[in-house]
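A.B. asks: In the UniProt record's numbering, the protein residues as written are 1 to 269. Note that the Cβ used here is the ideal one computed from N, Cα and C, for glycine as well. Here it is: the structure, laid out below.
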Amino acid sequence: MGKNRNKEISTALFKRIEPLLPAVKPCAKGGRPRLSDERALNGILFVLRTGTPWEHLPQELGFGSGMTCWRRLRDWQAAGVWHRLHLALLAELRGAGKLDFSRASIDGASVASPGGPHTGPNPTDRGKLGSKRHIITDRRGIPLIFCVTGANRHDSVVFEELIDALPVVRGKPGRPRHWPDKLHAYKRCDSVPCRADLKRLGICNRIARKGVERNDRLGRHRWVVERTHAWLAAFGKLRTRFERRIDIHLALLSLACSVICVRNLERFC
């Protein structure tokens, strides 16, 4: 095969990712050479960006077969590669002064799904099967943490779980950052347990109150999380949840969050 000119990822960024990938021992029996990790990652990113079915990954791109890329995505998810990559990029953003913990926002968005774990009838789409992704972003819209539930799960149900899962972000000398100063949320999170959870962690709550405040009153701060949902929906493989396996769907979501982080790191763009 001639020189591969198709690339989804820069050489500089791959060098940053490569140390996170698990080492693979060469097969003693020989056989077909293993597809390089860099080419496999390019194939994964192509599928994520375009939404192309794995089995239809164009061979002329030089990224190997779609199933090889799918297996590499699965194995790296099991090894925790995508989570570690996201954490490493968050640390780099904080070190570059591009992560703002003064305010954070939480929100959920539903997507259609063919079925599988963490799905349920969507109350906003005539009961059709779907999933909901819940995310917390910093003031700039950088995704800090996410989780996936059935579309019928109320945002307030996963509120405490998602807050407690916020990562410890290093990147600067001194103590790492864990909790934001303030958290903005919509009225559907207006409950005593949600407010108590924020008070327990020393986070100032900015939850719209039912029957008191309009949902759009604090929109000048919360719109960033809606924009982040739009960024995620721009990835063809996430516009609809095509993957029945939750580990594959979570891997793609985590990788998409890392791509959003990379876009805010100028030296990789």
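According to the neighbour-count rule (16 or more other Cβ atoms, all chains shown, within 10 Å of its Cβ), is Gly127 buried or exposed?
C.D. replies: Looking at its Cβ environment, which holds fewer than 16 other Cβ atoms inside 10 Å, Gly127 is exposed.
A.B. asks: Check the Cβ-Cβ distances between Phe235 and every residue of chain B, and say whether any is below 8 Å.
C.D. replies: Chain labels in this structure do not include chain B; a single protein chain is all it has.
A.B. asks: First and last residue of the beta strand (DSSP E) that includes His134?
C.D. replies: Note, His134: beta strand (DSSP E), 129–138.
A.B. asks: So, under 8 Å CB-CB, Leu57 and Gly43 are touching, yes? Tell me the CB distance rounded to an integer number of Å.
C.D. replies: Between Gly43 and Leu57 the Cβ distance is about 6 Å, and since that is below 8 Å, they are a contact.
A.B. asks: Have a look at the DSSP bridge pairing and note the partners of Lys11.
C.D. replies: Residue identity check: residue 11 is Thr in the sequence provided, not Lys. Its beta-bridge partners do not exist; DSSP assigns none.
A.B. asks: Between Cys69 and Phe14, what straight-line distance do the alpha-carbon atoms span, to the nearest angstrom?
C.D. replies: Roughly 16 Å between the two C-alpha positions.
A.B. asks: If you measure between the beta carbons of Arg244 and Ala112, is that distance less than 8 Å?
C.D. replies: No, Cβ-Cβ distance for Arg244 and Ala112 is not below 8 Å.
A.B. asks: Please state whether the Cβ-Cβ distance between Cys27 and Phe146 is less than 8 Å.
C.D. replies: Taking 8 Å as the Cβ cut-off, Cys27 and Phe146 do not qualify as a contacting pair.
A.B. asks: So does the segment 249–265 actually touch the segment 232–240, counting three or more Cβ pairs closer than 8 Å?
C.D. replies: Touching, yes.
A.B. asks: Beta carbon of Gly150, beta carbon of Lys172: below 8 Å?
C.D. replies: Against a cut-off of 8 Å, the Cβ pair of Lys172 and Gly150 comes out as no contact.
A.B. asks: Going by Cα to Cα distance, which pick from Val192, Gly62, Lys187 is closest to Ser36?
C.D. replies: The shortest C-alpha separation from Ser36 is found at Gly62.
A.B. asks: What separation, rounded to the nearest whole angstrom, lies between the Cα atoms of Leu201 and Pro193?
C.D. replies: If I take the Cα positions, the gap works out to 13 Å.
A.B. asks: Secondary structure at Arg16, three-state DSSP: helix, strand or coil?
C.D. replies: Residue state, collapsed to three classes: helix.
A.B. asks: Hey, quick one: how far does the beta strand (DSSP E) through Lys187 stretch, first residue to last?
C.D. replies: Counting along the chain, Lys187 falls outside any beta strand (DSSP E), and DSSP gives it neither H nor E.
A.B. asks: For the 8 Å Cβ check, are there 3 or more pairs between the segment 165–179 and the segment 87–94?
C.D. replies: Segments in contact, yes.
A.B. asks: Look at the alpha carbon of Asn264 and the alpha carbon of Lys29, and state the distance between them as a whole number of angstroms.
C.D. replies: Rounded to the nearest angstrom, the two C-alpha atoms are 44 Å apart.
A.B. asks: Since I believe Ile203 is in contact with Lys179 (beta carbons under 8 Å), could you give me their beta-carbon distance rounded to a whole number of angstroms?
C.D. replies: Note on residue identity: the sequence assigns Trp, not Lys, to residue 179. The Cβ separation is near 5 Å, so the contact holds.
A.B. asks: Reducing DSSP to helix, strand and coil, say where Val111 ends up.
C.D. replies: Reduced to three states, the DSSP call for Val111 is strand.
A.B. asks: Can you name, in chain order, every residue of its own chain whose Cβ lies under 7 Å from the Cβ of Leu85, other than the five neighbours on each side?
C.D. replies: Once the five neighbours on either side are set aside, the close Cβ partners of Leu85 are Ile17, Leu20, Ser258.
A.B. asks: Looking only at its chain, what residues have a beta carbon closer than 6 Å to the beta carbon of Pro117, apart from the 5 residues adjacent to it on each side?
C.D. replies: Taken in chain order, the residues that qualify are Ile246.
A.B. asks: Just to confirm, is the Cβ distance from Gly120 to Arg153 under 8 Å?
C.D. replies: For Gly120 and Arg153, yes; Cβs fall inside 8 Å.
A.B. asks: With residue 271 and Asp138 assumed to form a contact (beta carbons below 8 Å), what rounded beta-carbon distance in angstroms separates them?
C.D. replies: In this structure the chain extends from 1 to 269, so residue 271 is not present and cannot be described.
A.B. asks: Going by beta carbon distance, what residues of the same chain come within less than 8 Å of Gly2, once the five residues before and after it are set aside?
C.D. replies: Note that Gly2 scores a pLDDT of 38, beneath 50, so its modelled location is shaky; the value from the coordinates is reported in the next line. So the list is empty, once near-sequence residues are dropped.
A.B. asks: Short of 8 Å in beta carbon distance, which residues of its chain neighbour Pro176, apart from the five on each side in sequence? Order them along the chain.
C.D. replies: Closer than 8 Å at the Cβ level, and outside the excluded window around Pro176, lie Val168, Val169, Arg170.
A.B. asks: Expressed to the nearest angstrom, what Euclidean distance is found between the alpha-carbon atoms of Gly130 and Glu161?
C.D. replies: If I take the Cα positions, the gap works out to 21 Å.
A.B. asks: Indicate the three-state DSSP secondary structure (helix, strand or coil) for Val259 in the structure shown.
C.D. replies: DSSP places Val259 in helix when its eight states are reduced to three.
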